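Undergrad:
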Amino acid sequence: MTTDERIYVAGPICFFPRGGEIWQARRREAQYYGFTVTLPNDNKRPPAQSKEHGAYLTLKNCRDSINQSTGIIADLENFRGSEPDGGTIYEVGMAYGHDCKCYAFTRDKRPMGVKYNAGTYVDGGILDYKGRKLPHIDLPFGVCVLGACKVIEGTFSDALKAYMCDLEEESKKKAMRGYSLTKDSPKQTIPRGTRPIVYVADIFRYEEDAAEKYAEMKKVLEAQGFDAIVPTDAAPGVPVLEDTGDVMEMVYNQFDHYQQHVRNCDIILANLTDYEGYEPSSDVAFECGMADQLGKKLFAWMEDGRNMVDRIPSHENNQGRMLDANNYSVENNNAPINLMFGASFQIFDGTFENAVEKMKEKLQNV
Amino acid sequence: MIHEEHLYIAGPVCFYPRGNSMWQSYRKEAEFYGAVVELPNDNWDSVPGDSIEEKIINNCDISMRKCTAVLANIENHRGFMPDAGTVFEIGMAYGLGLKCYAYTRDKRAQGAKYFGGTYELDRILDKDGEILMNMDLPFSDCLVGSTKIVEGDFTDCLRVFREDVEEESKQKAVRGRVETFEAPKKNPGKTGKKVVYVGDCRRGPQAEQRHAEMKRILEKYGYEAYTPSDYNVNVPVLQQMDDPYARAYNRFDHYQQHVRDCDIYLCVLDDHRGYEVDSDVAFESGMAYMLEDKKMFGYIESPESMAERTHSTLSESGSPVDINGWSTEEKGYPVNMMWGGTRLFRGMDFEEAVKQMTELLKGEE
Amino acid sequence: MNKDESLYIAGPNCFWPRGGNTLQAYREFSLYHGFKVALPGDPKPDEEKAKEKPWDQQTKKERGANILKNCADSMDASTIIIANLDNYRGYSPDGGTIFEVGMAYAKEAKCYAYTRDIRSTGEKFSGGCWTADELFDEKGRKVPNYDLPFSVDILGSCKVIEGNYFDALNVVMADIKEESKDKAKRAKAVEKLSVEPTVKSDKPIVYFCDFDRYSENAPEKYAEVKALLEKYGFTAYVPTDPCPGVEELDCGEDRYAQVYNEFDRYQQHVRNCDIILADLNDFYGYEPNADVSFECGMAFQLRKKMYAFMDNIGRMIDRVPNKGEENGCKDINDMGVENFDAPVNLMFGSSFKFLDGSMEDVVRKMAEDLKAE
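First to last, the protein sequences are chains H, D and B. All residue numbers in the first sequence are consecutive under the numbering used here, ending with 364. All residue numbers in the second sequence are consecutive under the numbering used here, ending with 370. All residue numbers in the third sequence are consecutive under the numbering used here, ending with 462.
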């Protein structure tokens, strides 16, 4: 097969012992089938001046690669908790923002209610290990991952095969009489005013008291001179569909609101506090990546903003890598979180209110 | 093509909505390749037993004795453990000397696949603050030790099984090759008293104290007592090996020898990391059941039934189901009904259970 | 959603030793995932009929016809077909299976197929003779489309998955989820297949469906055949004819677009005809050509009149070597050779009228038979 497709291969394997080898295997497999693989960028990059600079160069490399890509295949393996690796989902968000075809694979596509292995069963639900009610126990992954990606149960090879199969179908459609595809070019659907619009990409969107909490947050932002959007808002231009009983249809509609919020804002203010285990919420991670790709201003807050190597117990191996108890890498970039966020976002340590204040200062200083 | 192999297909699919279809699917696939399949529900009406749970275990017993191998689904079940009934069946199969195979979609180390962990420097604590043992292995010692574990689905497992059967055939014709394996036998106790082995979950250092207390109580009531914290004197201790699978096998070897050596197997059946019995305990239970020369008792601290603990509601057909729509055990039964042949002590402290057990045993002498 | 879909599971599995088990396994597995399933062999006993003539009192021909009827009923209830493209007694997939794919396509079911080997024909062909730029089969014919894994009609109609039934079902389920998402997408894809005939004629239209479409002497052969058919009062189309309404597209290098365009022409020919006249001679091994099989299935589903010719229209069990009726007509691999008093698989055997002789004999007999109606 020959194809013009250029794919970006994303996943947390770079953090696993010998993960680079799997990474190369995946890359070579895709190349064998005629794909161009856009990451890692083989171009020599300038030497890093510091940890932060190194992280920036890596991120730049990822951004450049996404901009050359037509598709992404992402590994949704859970990472230090039940969520997929936040950096991977960030890349999916970037790819979606770049209008790539998004594919993802997982060994376990059962619904979260079934596969969550540290839950407490209560009347009408399951609590996660932190005692919070698990949202969407009937879905295998977060709303944004499911909305953006075609999720294949299986391995990278399975996802690659599904991708190729779909390419063949696409080719056939070029010759199919009576077939047409109209595409809404995704635009901002809020008229621009004088005040900057902030989208609060927060993790409490599925909690019962989200409405009150978000009303408070909006007040804080408005008092500081911002217009605010929160995840539970309806996005102008996106219909609110009636529940048809088709779960995935409803998921997409929900996702459509979220992704439209990202398009509509000037600034994203994301809550990157650990959601499950030691990773941010996949909805938030996706929105962050998308906001990055669309050139939004990027701010975030974390309740614990210490450096990642201080937050996650880790030891140094003989090559100077910091490793967790499973011998998976803990990034050591002088940042509190995965470099995809660490090198692109201004991250504030502390509360939401504090973050809004600091964000305002930063914006004024620009 | 498989000749002369009788397969026992085990798994929790019977608890899933429409799960019986999945089960039949496995059976038909195995039959296509020439295996004879024994499913537990084949002859329900003729099975002896007064209660459902007795009939269930008797039924499994009858089917298992016709088999040469077990293929088991060890998917996590309502928590971190595989379905305890399935692991019980693997234990039965091992006790009979069957070939044991299992499959899982996730054979990564437990440290990587546990969702609720708190990370420390070189270990992980579970959500109750207990150390996640075997974090570098995919499953518990007894499962790793007794069973060939295939990553994949039933089809993959059956494929590996078929390939192994072919290799076995070839081995018969290899010149100069002699493989011997002597199945371990029962060793007598040291004191002449009744030997009790307490099957309790292995929580690492935290468990040792608990096990010591259990021993003290049992000795007080006149038994020679062992727990998983004890080495079995008849099995060498190979702690210095680098290979985690060899170490796991050695630990398993101690456990299985404890089971063989005891006169009474007393298993502790409280939920472990979720809503299932610990898989080491479940395995030992199945094995002890199949060895026949043991008396079996079960102890559960919780007075609640499985349906109560999992906050089950009644389905349209009137049977209890959990939030995911999976069945939980009926009739207020506290654990998987594979323990139907085990006398249970529920909702009391351990000493009271030992006391009642002792009285029951006296009555039987 | 899965529960809205009904699967038709097709494949040569029923001919394998113990193969019925695999079909049952697929069925149960699909039921587990919430699908409805119709298997070709599902008994739908019409009780009155069964009383009239129980199975063991029927002639072989009647049995074949009843099984085909059964397949047709199952197909009518189905929304998706999943077909096994395993090769069968030769290089081709089982002709009966491809016939069923044709039926499914004609009723606008979603068509999926799976194969354990999706490499190109050039790579996986056995018994061929390779030159620098051609591949010849054991009969010395050029192998058409050796850069494709399967025939044009299969690739045009089906999404082909490398793997087993379970892999295919996995893809089906992922696609169904995408369809659900599509319902909520603000941008819509419009898919309106043209299914109406695009030609009219005062005379009955015959589609001459054979496998010489790929051979070098096709033009001469087809000119003769068309002249014959016209002589006997028919309007004739052959596979290489341009089809009104189907533009010849310039698809550049895009092989699957080219394939689809070619497939589109063939399938429109079937829609346009009143009568299909098919060449059911063995193509590779002991199976008819896959494009021909597909078009026959379509013609059946679209209620066309069906005639076929073969060099030998005697019984299949006399043509395909087997261990005899006393041994269940098994071939050397213990796979079943059908025994329904027909020259070929019952899907064809019970739907076609079979003719033999010279091409003129065939056309004349067909014309006479049509007149007699």
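Here a beta-carbon is modelled for each residue, glycine too, at the ideal position from N, C-alpha and C. The structure displayed is predicted, hence computed values, not measured ones.
Less than 8 Å between CB atoms is the rule here; does Lys132(D) satisfy it with respect to chain H?
TA: Mapped onto the second sequence, residue 132(D) falls at position 127. By this cut-off, Lys132(D) is an interface position.
Undergrad: Would you mind telling me which residues of chain B sit closer than 9 Å to Ser169(H), beta carbon to beta carbon, in chain order?
TA: On the first sequence, residue 169(H) is found 171 positions in, with the first residue counted as 1. What Ser169(H) touches in chain B: Cys340, Asp343, Arg344, Tyr345, Ala346, Gln347, Val348, Tyr349.
Undergrad: If you follow the alpha helix (DSSP H) that Met306(H) is in, where does it begin and where does it stop?
TA: Within the first sequence, residue 306(H) is the residue found at index 308, counting from 1. Segment 306 to 309, the alpha helix (DSSP H) holding Met306(H).
Undergrad: With DSSP collapsed to three states, give me the class of Cys218(B).
TA: Sequence index remark: in the third sequence, residue 218(B) carries index 129 (1-based). Residue state, collapsed to three classes: strand.
Undergrad: Does Phe103(H) come out as helix, strand or coil in the three-state DSSP assignment?
TA: Counting from one through the first sequence, the residue named residue 103(H) turns up at place 105. In this structure, Phe103(H) counts as strand in the three-state DSSP scheme.
Undergrad: Cutting at 7 Å between CB atoms, please list the residues of its own chain near Cys340(B), excluding the five before and the five after it.
TA: Start at 1 with the first residue of the third sequence, and residue 340(B) comes out as number 251. Correct list, in chain order: Ala346, Gln347, Asn350.
Undergrad: Is the segment 197 to 206 of chain D touching the segment 280 to 297 of chain D, taking contact as three or more C-beta pairs under 8 Å?
TA: yes
Undergrad: Could you run through the segment 110 to 121 of chain B and flag, in chain order, every residue whose CB is less than 9 Å away from some CB of chain D?
TA: Asn110, Thr111, Leu112, Gln113, Ala114, Tyr115, Arg116, Glu117, Phe118, Ser119, Leu120, Tyr121
Undergrad: By the DSSP assignment, the alpha helix (DSSP H) with Ser342(H) in it spans what residues?
TA: As a working mapping, residue 342(H) is identified with position 344 in the first sequence. Ser342(H) -> no alpha helix (DSSP H), and no H or E assigned at all.
Undergrad: Given this structure, state the Cα-to-Cα distance separating Phe323(B) from Leu157(B), to the nearest angstrom.
TA: Residue 323(B) sits at position 234 when you count from the first residue of the third sequence. Residue 157(B) sits at position 68 when you count from the first residue of the third sequence. In a straight line, the C-alpha of Phe323(B) is about 29 Å away from that of Leu157(B).
Undergrad: Sorted by chain position, which residues of the same chain lie with C-beta nearer than 7 Å to Gln357(B)'s C-beta, five sequence neighbours on each side aside?
TA: As a first step, residue 357(B) is located in the third sequence; it is residue number 268 there, counting from the start. Cβ neighbours of Gln357(B) beyond the five flanking positions: Thr287, Cys332, Gly334, Val335.
Undergrad: Along the chain, where does the beta strand (DSSP E) that runs through Ala72(H) open and close?
TA: Residue numbering aside, residue 72(H) sits at position 74 when the first sequence is read from its first letter. Run containing Ala72(H): 69 to 73, per the beta strand (DSSP E) assignment.
Undergrad: According to DSSP, what are the bridge partners of Glu376(B)?
TA: Start at 1 with the first residue of the third sequence, and residue 376(B) comes out as number 287. Per DSSP, the beta-bridge partners of Glu376(B) are Tyr373(B).
Undergrad: Spell out the partners DSSP gives Val279(B) in its beta bridges.
TA: Position 190 of the third sequence, counted from the start, is the residue given in the question as residue 279(B). In DSSP, Val279(B) forms a bridge with Ser178(H).
Undergrad: Can you pull the chain B residues whose beta carbon is under 7 Å from the beta carbon of Thr91(D), in chain order?
TA: Taking the second sequence and counting its residues from 1, the one referred to as residue 91(D) is at position 86. Within chain B, no residue comes near Thr91(D); the closest Cβ sits about 17 Å away, beyond 7 Å.
Undergrad: My assumption, with CB atoms under 8 Å, is that Tyr161(H) sits in contact with Ile71(H). Please give the rounded CB distance.
TA: The count along the first sequence starts at 1 and reaches residue 161(H) at position 163. The count along the first sequence starts at 1 and reaches residue 71(H) at position 73. That belief holds up - the Cβ atoms of Tyr161(H) and Ile71(H) are roughly 7 Å apart, short of 8 Å.
Undergrad: Quick check: what's the CA-CA separation for Ala199(H) versus Ile266(H)?
TA: For this step, residue 199(H) is matched to residue 201 along the first sequence. For this step, residue 266(H) is matched to residue 268 along the first sequence. Near 7 Å, if we compare the C-alpha coordinates of Ile266(H) and Ala199(H).
Undergrad: In chain H, what lies closer than 8 Å to Asp353(B) by C-beta?
TA: Your numbering for residue 353(B) matches position 264 in the third sequence. Correct list: Ala173, Met174, Arg175.
Undergrad: Alpha carbon to alpha carbon, how far is Asp131(D) from Thr333(D)?
TA: Mapped onto the second sequence, residue 131(D) falls at position 126. Mapped onto the second sequence, residue 333(D) falls at position 328. Each residue's Cα considered, the two are about 24 Å apart.
Undergrad: For the alpha helix (DSSP H) holding Tyr115(B), just list the boundary residues, first then last.
TA: Residue numbering aside, residue 115(B) sits at position 26 when the third sequence is read from its first letter. 108 to 121 is the extent of the alpha helix (DSSP H) around Tyr115(B).
Undergrad: Using C-beta distances below 7 Å, list every residue in its chain close to Glu449(B), excluding the 5 sequence neighbours before and after it, in chain order.
TA: Mapped onto the third sequence, residue 449(B) falls at position 360. These residues qualify, in order along the chain: Leu317.
Undergrad: Do you know how far the Cα of His259(H) is from the Cα of Tyr38(D)?
TA: Translated into positions along the second sequence, residue 38(D) becomes position 33. Translated into positions along the first sequence, residue 259(H) becomes position 261. Their Cα atoms are separated by approximately 55 Å.
Undergrad: Below 8 Å, can you find three or more Cβ-Cβ pairs linking the segment 115 to 129 of chain H to the segment 92 to 107 of chain H?
TA: no
Undergrad: Is the segment 228 to 236 of chain B in contact with the segment 203 to 211 of chain B, if contact means three or more CB pairs nearer than 8 Å?
TA: yes
Undergrad: Would you say Ala160(H) faces chain B, with C-beta separation under 8 Å as the test?
TA: The residue you call residue 160(H) lines up with position 162 of the first sequence. Under the 8 Å criterion on CB atoms, Ala160(H) is classed as interfacial with respect to chain B.
Undergrad: Just checking: is the beta-carbon of Met417(B) within a distance shorter than 8 Å of some beta-carbon in chain D?
TA: The sequence position of residue 417(B) within the third sequence is 328, counting from 1. As written in the sequence, residue 417(B) is Gly, which differs from the Met given in the question. At least 8 Å separates the CB of Gly417(B) from every CB of chain D.
Undergrad: Buried or exposed, going by whether 16 or more other CB atoms sit within 10 Å of the CB of Asp2(D)?
TA: Nothing in the structure corresponds to residue 2(D), since chain D is present only between 6 and 370.
Undergrad: Over the uninterrupted alpha helix (DSSP H) stretch that includes Glu214(H), give me the two end residues.
TA: Counted from its first residue, the first sequence places residue 214(H) at position 216. Unbroken alpha helix (DSSP H) run through Glu214(H): 208 to 221.
Undergrad: Would Met69(D) pass as an interface residue toward chain H - the criterion being a Cβ-Cβ separation below 8 Å?
TA: Position 64 of the second sequence, counted from the start, is the residue given in the question as residue 69(D). Closer than 8 Å: no.
Undergrad: Could you check what DSSP says for Pro101(B) in three-state terms: helix, strand or coil?
TA: Looking up residue 101(B) in the third sequence gives position 12. Collapsing the DSSP output to three states places Pro101(B) in a helix.
Undergrad: Just checking: is the beta-carbon of His277(D) within a distance shorter than 8 Å of some beta-carbon in chain H?
TA: Your numbering for residue 277(D) matches position 272 in the second sequence. With 8 Å as the cut-off, His277(D) does not count as an interface residue toward chain H.
Undergrad: When you compare only the Cα positions, how much space is there between Ile402(B) and Lys442(B)?
TA: The sequence position of residue 402(B) within the third sequence is 313, counting from 1. The sequence position of residue 442(B) within the third sequence is 353, counting from 1. Cα to Cα, Ile402(B) sits roughly 10 Å from Lys442(B).
Undergrad: Hey, is Glu10(D)'s beta-carbon within less than 8 Å of any beta-carbon in chain B?
TA: Stepping through the second sequence from its first residue, residue 10(D) is reached at position 5. No, no contact with chain B.
Undergrad: Flag Asn428(B) as yes if its beta-carbon sits less than 8 Å from any beta-carbon of chain H, otherwise no.
TA: Position 339 of the third sequence, counting from 1, holds the residue named residue 428(B). No, Asn428(B) does not count as interfacial toward chain H.
Undergrad: On the criterion of 16 or more Cβ atoms from any shown chain inside 10 Å, does Ala276(B) qualify as buried, or is it exposed?
TA: By one-based count along the third sequence, residue 276(B) stands at place 187. Exposed, since its Cβ has fewer than 16 Cβ neighbours within 10 Å.
Undergrad: From the beta carbon of Tyr119(D), is the nearest beta carbon of chain H less than 8 Å away?
TA: Counting from one through the second sequence, the residue named residue 119(D) turns up at place 114. Output row for Tyr119(D): interface = yes.
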